[in-house]
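*Asks:*
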Amino acid sequence: MSNKIPYSTPSGYFDNLQSRLSTIPARRSRINPVPYLALAVSFTLLVLIGNYILTKSTASQPASDEAIIEYLIDSGTTLAQLEEVVYNY
Amino acid sequence: MQELETYFNELVRQYSEPLYWHVRTMVGSHEDADDLLQDIFVKVWSALPRFRGDSDVFTWLWRIATNETLSHLRKARVRAALRFAHIDTEAEKVSDPDPYFDGNAALRSLRKAIAALPDKQRLVFSLRYYQELNYEQISEITGTSVGALKASYHIAFEKIKQFLTDND
Chain A
1 MSNKIPYSTP SGYFDNLQSR LSTIPARRSR INPVPYLALA VSFTLLVLIG NYILTKSTAS
61 QPASDEAIIE YLIDSGTTLA QLEEVVYNY
Chain B
90 MQELETYFNE LVRQYSEPLY WHVRTMVGSH EDADDLLQDI FVKVWSALPR FRGDSDVFTW
150 LWRIATNETL SHLRKARVRA ALRFAHIDTE AEKVSDPDPY FDGNAALRSL RKAIAALPDK
210 QRLVFSLRYY QELNYEQISE ITGTSVGALK ASYHIAFEKI KQFLTDND
């Protein structure tokens with residue numbers, strides 16, 4: 001790495017970083033081994049319950065600004081697209 | 090599984106530090122770089138079983154890190170725009186006192202000039218100037234042609250020069 005970079009890190013950061021990153025496989029494997037059947041049943045239940053709640057709630061309540069913002073961010077909306085919408089409004 | 094984990098730990102040992110600097114030169118703040126590095130290595134672990142070695146491991150890792158970092162910057166901009174906050178978040182951070190910045194006044198100005206560049210120009214400039222990669226390597230990481238990268242670097246260089254002249 002070039003020594004032109006004018007940044008530093010807290011002392012001992014890289015030793016600590018390696019230890020933290022090395023725990024990723026253990027943390028992820030604790031999450032992953034969900035039996036496929038249970039996953040499918042949970043998913044189906046979730047869709048059914050979600051659909052029920054959504055139908056009930058969206059009929060009377062508009063989405064919050066925060067929910068719209070998170071939706072736009074997660075959907076991959078770019079700043080250019082936002083600007084286009086604003087300018088053409 | 091054990092083999093994968095050993096290989097993953099080897100990647101962490103060899104590449105976590107250079108990857109940190111790659112991300113840090115893009116985002117500026119230590120805290121953001123640290124958070125992003127966690128996300129990057131989670132992605133690396135998830136994608137590792139599918140890594141066939143078609144590209145070399147350096148290119149593969151840098152591509153994941155670059156995509157993750159650009160996505161983080163895009164989300165930050167969209168979030169700021171939607172909340173009518175300051176859009177230029179990197180430039181804003183640069184003007185804050187940063188305990189992990191070692192440079193003198195000239196380097197601080199350079200840092201501000203780089204932070205003001207659009208993300209992709211900053212990426213090309215950072216890979217070329219700080220990490221001293223050649224255009225062919227950058228092309229493999231970004232999927233952009235060498236000609237377009239040269240043009241991008243030239244434009245970034247001129248913008249930085251102009252910024253430094255204006256703020257002299």
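In order, the protein sequences belong to chains A and B. Going by this note's numbering, the first sequence opens with residue 1, and the numbers climb by one from there. Going by this note's numbering, the second sequence opens with residue 90, and the numbers climb by one from there. For each residue, glycine too, the CB sits at the ideal point set by N, CA and C. Since this is a predicted model, take the numbers as computed values, not measurements.
From this set, B:L93, B:R217, B:W110 and B:I244, which residue's C-alpha is nearest B:L126's C-alpha?
*Replies:* B:W110
*Asks:* Closer than 9 Å, Cβ to any Cβ of chain B: which residues of the stretch 27 to 56 of chain A, in chain order?
*Replies:* For the stretch 27 to 56 of chain A, the residues whose beta carbon sits under 9 Å from a beta carbon of chain B are, in order, R27, R28 and S29.
*Asks:* Taking the DSSP output, what are the residues bridged to A:Y113?
*Replies:* The first residue shown for chain A is 1 and the last is 89, placing residue 113 of chain A beyond what the model contains.
*Asks:* Say whether chain B places a C-beta atom closer than 7 Å to the C-beta of A:S75.
*Replies:* no
*Asks:* Going by other Cβ atoms of all chains shown within 10 Å of its Cβ, with 16 needed for buried, is A:E78 buried or exposed?
*Replies:* At residue 78 of chain A the sequence reads Thr, which differs from the Glu that was named. Per the 10 Å Cβ criterion, exposed.
*Asks:* Would you kindly work out how many angstroms separate the C-alpha atoms of B:F246 and B:R166, rounded to a whole number?
*Replies:* Computed Cα separation, rounded: 23 Å.
*Asks:* Could you list the residues in the stretch 195 to 219 of chain B with a C-beta less than 9 Å from some C-beta on chain A, going in chain order?
*Replies:* L196, R197, L199, R200, Y218 and Y219
*Asks:* So, with DSSP's three-state summary, where would you put B:T178?
*Replies:* With a pLDDT of only 48 at B:T178, under 50, the local geometry of the prediction cannot be trusted, and the value read off the model is given with reservation. Of the three classes helix, strand and coil, the one that applies to B:T178 here is helix, per DSSP.
*Asks:* At the level of alpha carbons, what is the spacing between B:T178 and B:D121?
*Replies:* Caution is warranted here: a pLDDT of 48 is assigned to B:T178, below 50, making its placement in the model unreliable, and the coordinate value is therefore given only provisionally. Distance between the alpha carbons of B:T178 and B:D121 is about 12 Å.
*Asks:* With C-beta atoms as the reference, is A:I5 less than 7 Å away from B:Y219?
*Replies:* yes
*Asks:* Of all the options B:I129, B:I230 and B:A194, which has the alpha carbon lying nearest to the alpha carbon of B:N256?
*Replies:* B:A194
*Asks:* Please give me, in chain order, every unbroken run of the alpha helix (DSSP H) with length at least 4 that falls completely inside the stretch 113 to 177 of chain B.
*Replies:* 119 to 136 and 146 to 171
*Asks:* Within 6 Å: the Cβ of B:G142 and any heavy atom of the ligand MG?
*Replies:* This structure lacks the ligand MG; in fact it carries no ligand of any kind.
*Asks:* If we ignore side chains and look at the alpha-carbon of each, how far apart do B:N223 and B:S241 end up?
*Replies:* The straight-line gap from Cα to Cα measures roughly 14 Å.
*Asks:* Determine, using beta carbons only, whether B:K164 comes closer than 7 Å to chain A.
*Replies:* yes
*Asks:* Buried or exposed for B:S160, please, with buried defined as at least 16 other CB atoms from any protein chain shown within 10 angstroms of its CB.
*Replies:* exposed
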